[in-house]
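Asks: First to last, the sequence lines map onto chains A and B. Residue numbers are given in my numbering: position 553 of the first sequence equals residue 715, and the series is strictly consecutive. Residue numbers are given in my numbering: position 289 of the second sequence equals residue 1022, and the series is strictly consecutive. The beta carbon of each residue, even a glycine, is placed where N, CA and C say it ideally should be.
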Amino acid sequence: MKKNLYWILIVALFTAYAASTLRTRTDKGPYHVQSFAGLPVVLNGRIQPLDSVARNSLLIIRGSARVPLEGNSVDGRWGSFEELGDEGQKIFFERKWYQFSRHPKKLSPPEWLLEVMSRPDDADQRYIFLINHPELKTELGLEAQGLDRSGLTYFRYADISPRRQRLMQDANVVSQKKAEQRTPFEKEVHKVAQAMILYERLKNSIQTEHSRSFAERLARFPETVKALRSSFQESGSTEAMDEQGVQYVTEMYREFEFLSAMAYPFVIPPPAGSHDRDAWRTMGASLTNSLQSAQLHPATLAYARMLTAYQEEKAADFNQAVSGHRTWMMENGFESELKKGSSELFFNNYAPFRTSIVIYIVAFLMAGFFLFSDAPGALHGARWLIGLALLVHTSGLIFRMVLEGRPPVTNLYSSAIFIGWGTVVLGVIIERFWKNGIGSLVASLIGVITLIIAHNLSLDGDTMEMLQAVLDTNFWLATHVVVITLGYSAMFLAGLLGVLYLVLGVLTPKLNGLVGSGKTTLGKAIAKNVYGIICFATLFSFVGTVLGGIWADQSWGRFWGWDPKENGALMIVLWCAIILHARWGGLIREKGLMVLAIAGNIITAFSWFGVNMLGIGLHSYGFMDEAFKWLMIFNVSQVLLMCLAIVPDRFWRSGTAPVPTTTSTRPDRPLPGKSKGSPKPQPA
Amino acid sequence: MAAQLLKFISSLRLTVVCLACALVLVFLGTMAQEPLGLYIVQKNYFQSTFVDWFSLKAGIQKALHLLKVDVIPISADEVLRAPWIPVFPGGYLIGWVLLINLLAAHYVRFKFTWQKAGIFMTHVGLILLLLGQFFTEQLQEESNLRLEEGEERNYSEDQRDAELVFIDPSNPDFDRVVAIPNAVLAKGREITHEALPFGIRVERYAQNSRLKNYNPESQDGAPAATRGIGARASLSEIAPATAMNELDVPSAVISFTGANAPEGTWLMSVNLDSPQEILAGGKTWKAEYRFTRHYTPYSIGLIDFRHDLYLGTEKPRNFSSQIRLTNAETGEDREVLIRMNEPLRYAGATYFQASFDEKNPNVTILQVVRNPAWLTPYVAVIIVGAGLLVQFLMHLFKFASRRKA
Chain A
163 MKKNLYWILI VALFTAYAAS TLRTRTDKGP YHVQSFAGLP VVLNGRIQPL
213 DSVARNSLLI IRGSARVPLE GNSVDGRWGS FEELGDEGQK IFFERKWYQF
263 SRHPKKLSPP EWLLEVMSRP DDADQRYIFL INHPELKTEL GLEAQGLDRS
313 GLTYFRYADI SPRRQRLMQD ANVVSQKKAE QRTPFEKEVH KVAQAMILYE
363 RLKNSIQTEH SRSFAERLAR FPETVKALRS SFQESGSTEA MDEQGVQYVT
413 EMYREFEFLS AMAYPFVIPP PAGSHDRDAW RTMGASLTNS LQSAQLHPAT
463 LAYARMLTAY QEEKAADFNQ AVSGHRTWMM ENGFESELKK GSSELFFNNY
513 APFRTSIVIY IVAFLMAGFF LFSDAPGALH GARWLIGLAL LVHTSGLIFR
563 MVLEGRPPVT NLYSSAIFIG WGTVVLGVII ERFWKNGIGS LVASLIGVIT
613 LIIAHNLSLD GDTMEMLQAV LDTNFWLATH VVVITLGYSA MFLAGLLGVL
663 YLVLGVLTPK LNGLVGSGKT TLGKAIAKNV YGIICFATLF SFVGTVLGGI
713 WADQSWGRFW GWDPKENGAL MIVLWCAIIL HARWGGLIRE KGLMVLAIAG
763 NIITAFSWFG VNMLGIGLHS YGFMDEAFKW LMIFNVSQVL LMCLAIVPDR
813 FWRSGTAPVP TTTSTRPDRP LPGKSKGSPK PQPA
Chain B
734 MAAQLLKFIS SLRLTVVCLA CALVLVFLGT MAQEPLGLYI VQKNYFQSTF
784 VDWFSLKAGI QKALHLLKVD VIPISADEVL RAPWIPVFPG GYLIGWVLLI
834 NLLAAHYVRF KFTWQKAGIF MTHVGLILLL LGQFFTEQLQ EESNLRLEEG
884 EERNYSEDQR DAELVFIDPS NPDFDRVVAI PNAVLAKGRE ITHEALPFGI
934 RVERYAQNSR LKNYNPESQD GAPAATRGIG ARASLSEIAP ATAMNELDVP
984 SAVISFTGAN APEGTWLMSV NLDSPQEILA GGKTWKAEYR FTRHYTPYSI
1034 GLIDFRHDLY LGTEKPRNFS SQIRLTNAET GEDREVLIRM NEPLRYAGAT
1084 YFQASFDEKN PNVTILQVVR NPAWLTPYVA VIIVGAGLLV QFLMHLFKFA
1134 SRRKA
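1. Using the Cβ count rule (16 or more neighbours within 10 Å means buried), how would you classify PHE899/B?
2. When DSSP labels each residue in this structure, what does PRO1055/B get in the three-state scheme?
3. Quick one: what's got a C-beta closer than 7 Å to ILE807/B's C-beta in the same chain, skipping five residues either side?
4. Using the Cβ count rule (16 or more neighbours within 10 Å means buried), how would you classify ILE971/B?
5. According to DSSP, simplified to helix, strand and coil, what is HIS265/A?
6. ARG893/B: which of ASN877/B, ASN887/B, PHE907/B sits nearest, CA to CA?
7. Going residue by residue through the segment 293–337 of chain A, where are the continuous alpha helix (DSSP H) segments of at least 4 residues, counting only ones entirely within it?
8. Buried or exposed: where does ARG416/A fall if 16 or more other Cβ atoms within 10 Å of its Cβ makes it buried?
9. Should ARG909/B be labelled buried (16 or more other beta-carbon atoms within 10 Å of its own) or exposed?
10. What does ILE634/A reach in chain B if we use C-beta pairs closer than 8 Å?
11. Which one or two residues does DSSP pair with TYR1022/B in a beta bridge?
12. State buried or exposed for SER498/A, treating a residue as buried only when at least 16 other CB atoms are found within 10 Å of its CB.
13. Alpha carbon to alpha carbon, how far is ALA1133/B from PHE526/A?
14. Within the same chain, show all residues whose beta-carbon is closer than 6 Å to that of MET804/A, passing over the 5 residues directly before and after it, in chain order.
15. Quick check on the DSSP output: the beta strand (DSSP E) that includes ASP1066/B runs from which residue to which?
16. Where do the N-terminal and C-terminal ends of the beta strand (DSSP E) with ARG814/B fall, by residue?
17. By how many angstroms is the C-alpha of TRP1107/B removed from the C-alpha of CYS754/B?
18. Residues of chain B with CB closer than 7 Å to the CB of THR700/A, please, in chain order.
19. Should LEU755/A be labelled buried (16 or more other beta-carbon atoms within 10 Å of its own) or exposed?
20. Below 8 Å, can you find three or more Cβ-Cβ pairs linking the segment 650–666 of chain A to the segment 614–622 of chain A?
21. So what's ASP906/B in DSSP terms, helix, strand or just coil?
22. For the beta strand (DSSP E) containing PHE254/A, list its first residue and its last residue.
23. Leaving out the 5 sequence neighbours to the left and right, which residues in its chain are closer than 8 Å to ALA578/A when beta-carbon positions are compared?
24. Assuming LEU860/B and LEU835/B are in contact, meaning their beta carbons sit under 8 Å apart, how far apart are those beta carbons, in whole angstroms?
25. Roughly how far, in whole angstroms, is the beta-carbon of THR782/B from the beta-carbon of GLY828/B, given that I think they are within contact range, below 8 Å?
26. Counting only runs of 3+ residues fully inside the segment 572–611 of chain A, write out the beta strand (DSSP E) ranges in chain order.
27. Can you give me the C-alpha to C-alpha distance between VAL708/A and SER422/A, rounded to a whole angstrom?
28. Determine, for PHE254/A, whether the minimum Cβ-Cβ distance to residues of chain B falls below 7 Å.
29. Would you verify that the beta carbon of THR846/B is, or is not, closer than 7 Å to some beta carbon of chain A?
30. Are ARG228/A and LYS268/A touching if we call contact CB-CB under 7 Å?
31. Could you tell me which residues DSSP pairs with ASN946/B in its beta bridges?
32. How long is the line joining the alpha carbons of VAL1102/B and THR1083/B, rounded to whole angstroms?
33. Given that ARG746/B touches chain A, what residues does it touch there, using C-beta distances under 7 Å?
34. Is any beta-carbon of chain A found at less than 7 Å from that of THR1046/B?
35. Which parts of the segment 450–519 of chain A are runs of the alpha helix (DSSP H), unbroken and 4 residues or longer, counting only runs that do not cross its ends?
36. Which residue or residues does DSSP assign as beta-bridge partners of HIS1040/B?
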């Protein structure tokens, strides 16, 4: 009992951790920031909470969703960047990994957004612009300053704005070039310029950046316009109009026009009760209309009040404006939009995939520990943790589906999430069959890898983006895309089992160990699994590919058009067919099967990612260099692993033809009497 | 000897070799798409017996280029001009060998048992799929229907093919049309037709060309022809279009032979908007070089075309064409909405929402496909899918029951 206690503790600990992510976030300060963060707006063609606007903007600008306010100075002192900066410090470091006692203050995405929109001078002092190219740093005069996080360097808007014009000129030249022809320097110029423009648009989304007491000034607008109008109508000339009034209206209107050119999210809801997403307006567009109508949309005033209150540090006013706006929306038929905002805000805070990564990592470590120690507690722990991580993973998947109203896979990001999910499920099934830790090991490993890939894909911004017209069909997304993605899952699982087989075979005598009530060896068990999974992959890849063809026939009038993505899928099907026929024809045996399964990883990765990088065809979703580099690293690693198969038998610690024995001891050394790996075990 | 040959052509080894060749072919065919364009790749890789060296090289070079190896990429033009040196089995050869291999294997080895029912079904479905695709490639006709709102047409145009037409409008009830296909023009021989009072000589032919305004005072270049619009335009031949969204602009300079023929040379081009009038034998003929037309006994008119973007983005949300279908023969007259993923299937043709005109928001471009074999993949996928499923489930149950025992 005592022996088992540790794994129960670990599982309990992580269950508590997972449960804690479900709590509703409360505000630390007097401002009801979370309530503000949940307000629904339209951006990217979809209803989303301001929290998502803030989060995705930060991801685009900074590559991370939080803005640290404290850290280390060069001379090793801890403090807020502002204070240290006042002392003349220019180079800072974020919290180092070993500084466990330090909990730097950070701005959450909505706090940052509020600051950007209402106190831009403060926001300009935040280290948010990620600039790494040394040449660009020199060009922008950024040497010997900035915030460093393990080699990544961040700068403030105030640091780069003096050379803004130069940067924009450069970016203009770059944008004439095709994306795939740009040099790394040019790409960074383009990226930083885009980030700057986005930041400036956010600053001018509700009120112009240097605006003071906007709410009061705005509130007077309709009355003043009406008064001017009636005095004009009475006298019939412009001269009788109140000069101050005219000046005020002119100035306000100039601000409105500026807002209308700059504003980023569409924050003003349509006329009461309308659910037409296209009828939402930006603050600027709504305000420019108000000159004509001499009326303000209630939401414009609400947002102006929120920002003015936040600017003037009047928490009570801010909270009242937020709740007032919520009530107004509720009373005017926007319950569903409010609900969508709250749900997505909850999902953003819940961050299930981040939680899953952590738990999968621990599960992987425990499964690995079991493999080398045979401690049953470690295996129990690994299994429970995988179950827990899978639960969180699944909940996230379903939550996303409900939020989007879509099947699980709609873009590259969600395909990573779903491939991971499918593989973990298959791994769990294998574990239930063999109960030997192999399924747990591969499940947790693939869970971690695919979710990390997903995380990196999410850095491009909104992961719940709207779908292009041709993809806008839940039927095909639910059939073709899901089926083909499960085919990818199976291919990766088979490939990883192949890797495991070769690594264990060369490095350990484990493959000779008996499993499944002593009837077969681990090596045979893995081989059977790989074969079965390839059959599964064949089924899913084939059906998925042909379903894709049928979709193409429905939407473009041809079943097969040799589009790169179609070809990628076909290559997987062909590869599966090669493996199966080679196996049936006796052309390959166990090791050969493993090598081909690993090569399947390369082909699947090519089909999943590679074809998107060619920059041609109907499925190309943009060129991704960073991903290409990783793809190549992955491919090379797979080739190296395949080379393990050509390690001569005598160096294999598992031998090639393990002899099953009926004795209860696990053979720890390779057994003598090996023959060239025959497909059937030699009787002892 | 014969037994050995049969053993070879029915062997799994041959299957694996063919599949491996297919894999390489598909991979390089994918790579070659950027330098060569989809059209050439389809013809030279997949719809061929052998792939020629230069086409293959284009694919290899693109793959090397992705790996950051410095290579000077070969262009589509070079490939088209290069000598044909067969070096690798093409799609058709691999397909036929696989088919023979499969049939031979069934003849030699295969005895039907219920255990192999799944495998059997899978292969039957595959044969159907491959044959279906083969016939699709042979029989499929693709054309375009470009309509402006309010416009109505009873033909579609094949933008990969053109024809030179002479129209005799003298009869008020109907036009008499003589059409000369592109393939005949390209040969460059003298052409005569009984309905035409003149012969036609092709002085110059360009598969793809660019027309420019020619100003006689500038002394810049030379006019394409001496008569008609050609006297005010210059013609230059350019490389055939390879990109998916580019089209060839065929042009020709012709002259007329015979007693009553008009003098001089005339420029004919797909890029000229209106027909040119030619006076011959006391009649005025209208001459036009245009994309080949496929006439239908019914007509389609565009009522409304919609092309919506998501608010605040450049992302298309929806394309749809509200059309009116009228068929005098059957008395049909109805409105149909064609949109992305929802084509209209009518009288053996399928109309898809394909594209739009960037300059004119009221224009829809529908793709018209006639493919008598369109149903085969639907049937094939059901058979293969069921076969694979049966096989897989049988394995799984066997595996599971053995584990339990």
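Replies: Let me lay it out:
1. buried
2. It should be pointed out that residue 1055/B corresponds to Gln in this sequence rather than to Pro. If DSSP states are grouped into helix, strand and coil, GLN1055/B belongs with the strands.
3. PRO768, PHE787, LYS790, ALA791, GLN794
4. Per the 10 Å Cβ criterion, exposed.
5. coil
6. ASN877/B
7. Fully enclosed alpha helix (DSSP H) runs of no fewer than 4 residues occupy 296–301, 319–322, 326–337 of the segment 293–337 of chain A, in order along the chain.
8. Of the residues assessed, ARG416/A falls on the exposed side of the cut-off, its CB having fewer than 16 other CB atoms within 10 angstroms.
9. So ARG909/B counts as exposed.
10. Note on residue identity: the sequence assigns Asp, not Ile, to residue 634/A. Chain B residues near ASP634/A: ARG1050, ASN1051, MET1073, ASN1074.
11. LEU897/B
12. exposed
13. 26 Å
14. VAL757, ILE760
15. 1065–1072
16. Element bounds for ARG814/B: not the beta strand (DSSP E) but the alpha helix (DSSP H), 809–814.
17. 27 Å
18. LEU1121
19. Buried is the call here.
20. Short answer: they don't touch.
21. Taken through DSSP and simplified to helix, strand or coil, ASP906/B comes out as coil.
22. 253–255
23. Excluding positions up to five away in sequence, the list reads THR612, LEU613, ILE615, ALA616, LEU619.
24. Reading off the sequence, residue 860/B comes out as Ile, not Leu. Their Cβ separation, rounded to whole angstroms, is 7 Å, which keeps ILE860/B and LEU835/B in contact under 8 Å.
25. At roughly 10 Å, the Cβ-Cβ gap does not stay under 8 Å, so THR782/B and GLY828/B are not in contact.
26. none
27. 48 Å
28. no
29. Taking Cβ atoms only, chain A never reaches closer than 7 Å to THR846/B, which makes this a no.
30. yes
31. ALA966/B
32. 5 Å
33. GLY747, LEU749
34. yes
35. 460–473, 477–493, 497–512
36. PHE1052/B
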